[in-house]
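When we follow the working numbering, the leftmost residue of the sequence shown carries the number 7, and every step to the right adds one.
Beta carbons are placed, not taken as given, at the ideal position from N, Cα and C, and that holds for glycine.
If you're wondering where the values come from, they're calculated on a predicted model, not measured in any experiment.
Heads up, the thing below is written out as C-alpha coordinates.
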Amino acid sequence: MKKLLSFATLWVALSIYAQQQPVDYINPLIGTSNFGATHPGAIAPRGMLSISPFNVAFDTTGVKAPLEKDSRWLSNPYVNENKFFTGLTHVNLSGVGCPELG
(Lines of atoms letter the chains of each structure in order from A; the text may use other names.)
(Lines give C-alpha, C1' and ligand atoms only; values in the text may rest on other atoms or scores of the structure.)
Protein backbone atom coordinates (compact mmCIF):
# COMPACT_ATOMS: atom_id res chain seq x y z
CA MET A 7 0.00 0.00 0.00
CA LYS A 8 2.86 2.37 0.82
CA LYS A 9 4.41 1.77 -2.60
CA LEU A 10 1.11 2.51 -4.32
CA LEU A 11 0.63 5.70 -2.31
CA SER A 12 4.21 6.79 -3.02
CA PHE A 13 3.78 6.05 -6.72
CA ALA A 14 0.48 7.97 -6.86
CA THR A 15 2.02 10.96 -5.08
CA LEU A 16 4.99 10.93 -7.44
CA TRP A 17 2.68 10.59 -10.47
CA VAL A 18 0.57 13.59 -9.40
CA ALA A 19 3.64 15.69 -8.61
CA LEU A 20 5.24 14.97 -11.98
CA SER A 21 2.05 15.60 -13.92
CA ILE A 22 1.61 18.97 -12.22
CA TYR A 23 5.25 19.84 -12.91
CA ALA A 24 4.94 18.89 -16.60
CA GLN A 25 2.03 21.24 -17.26
CA GLN A 26 2.85 24.54 -18.90
CA GLN A 27 2.48 27.58 -16.73
CA PRO A 28 1.07 30.89 -18.03
CA VAL A 29 4.56 32.38 -17.82
CA ASP A 30 5.70 29.87 -20.47
CA TYR A 31 3.57 31.68 -23.05
CA ILE A 32 5.14 35.11 -22.40
CA ASN A 33 7.90 36.42 -24.67
CA PRO A 34 9.20 39.77 -23.36
CA LEU A 35 11.45 40.21 -26.40
CA ILE A 36 8.62 40.66 -28.92
CA GLY A 37 8.98 44.09 -30.50
CA THR A 38 12.63 44.63 -29.60
CA SER A 39 13.84 44.33 -33.20
CA ASN A 40 12.69 45.27 -36.70
CA PHE A 41 11.89 48.79 -35.49
CA GLY A 42 9.36 47.51 -32.96
CA ALA A 43 10.31 50.37 -30.62
CA THR A 44 9.66 48.43 -27.42
CA HIS A 45 12.11 47.31 -24.79
CA PRO A 46 12.05 44.42 -22.30
CA GLY A 47 12.80 46.62 -19.31
CA ALA A 48 10.92 47.08 -16.09
CA ILE A 49 8.71 50.17 -15.91
CA ALA A 50 7.79 51.92 -12.66
CA PRO A 51 4.21 53.04 -12.08
CA ARG A 52 3.14 55.89 -14.36
CA GLY A 53 6.31 55.42 -16.44
CA MET A 54 8.55 57.78 -14.47
CA LEU A 55 11.39 55.24 -14.48
CA SER A 56 12.05 52.64 -17.14
CA ILE A 57 15.17 50.51 -16.75
CA SER A 58 16.23 48.60 -19.84
CA PRO A 59 19.41 47.00 -21.17
CA PHE A 60 21.25 49.01 -23.80
CA ASN A 61 23.20 47.27 -26.55
CA VAL A 62 23.03 49.34 -29.74
CA ALA A 63 25.54 52.08 -28.93
CA PHE A 64 28.67 51.17 -30.84
CA ASP A 65 30.62 48.37 -32.43
CA THR A 66 33.69 47.20 -30.49
CA THR A 67 35.27 45.30 -33.40
CA GLY A 68 35.98 48.36 -35.54
CA VAL A 69 33.88 47.02 -38.42
CA LYS A 70 30.61 48.81 -39.13
CA ALA A 71 27.97 46.41 -37.85
CA PRO A 72 24.32 46.39 -38.97
CA LEU A 73 23.21 46.82 -35.35
CA GLU A 74 25.40 49.82 -34.62
CA LYS A 75 23.34 52.74 -33.33
CA ASP A 76 24.81 55.28 -35.74
CA SER A 77 24.57 53.08 -38.85
CA ARG A 78 20.77 53.32 -39.18
CA TRP A 79 17.74 54.74 -37.47
CA LEU A 80 16.97 52.79 -34.30
CA SER A 81 14.24 53.83 -31.94
CA ASN A 82 14.83 51.24 -29.25
CA PRO A 83 17.85 50.85 -26.97
CA TYR A 84 17.79 47.04 -27.03
CA VAL A 85 17.86 44.69 -30.02
CA ASN A 86 17.53 41.00 -29.22
CA GLU A 87 19.78 39.85 -32.08
CA ASN A 88 22.66 42.01 -30.84
CA LYS A 89 24.62 39.91 -28.34
CA PHE A 90 26.94 42.45 -26.71
CA PHE A 91 25.95 44.53 -23.69
CA THR A 92 26.67 48.25 -23.39
CA GLY A 93 24.88 49.14 -20.17
CA LEU A 94 21.54 50.09 -18.69
CA THR A 95 19.35 53.05 -19.54
CA HIS A 96 16.99 54.48 -16.96
CA VAL A 97 14.66 56.75 -18.93
CA ASN A 98 13.04 55.23 -22.01
CA LEU A 99 9.73 55.49 -23.76
CA SER A 100 8.68 52.01 -24.78
CA GLY A 101 6.56 51.61 -27.89
CA VAL A 102 6.35 55.24 -29.01
CA GLY A 103 7.82 54.60 -32.47
CA CYS A 104 10.16 57.58 -32.65
CA PRO A 105 13.92 57.91 -32.13
CA GLU A 106 15.35 59.37 -28.97
CA LEU A 107 15.98 63.12 -28.85
CA GLY A 108 13.20 63.79 -31.34
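query	result
Collapsed DSSP secondary structure at Ala14 in the structure displayed	helix
Leu20 - DSSP class collapsed to helix/strand/coil	helix
Inter-stretch contact at 8 angstroms, needing at least 3 Cβ pairs: the stretch 96–103 / the stretch 46–61	yes
Same chain, Cβ closer than 7 angstroms to Pro83, neighbours up to 5 away in sequence not counted	His45, Ser58, Phe60, Val62, Thr95 and Asn98
CB of Asn88 within 7 angstroms of CB of Thr38, strictly	no
Beta-carbon proximity list for Leu35, same chain, < 6 angstroms, skipping 5 on both sides	Pro46 and Asn86
Alpha carbon of Asp30 to alpha carbon of Tyr23, nearest angstrom	13 angstroms
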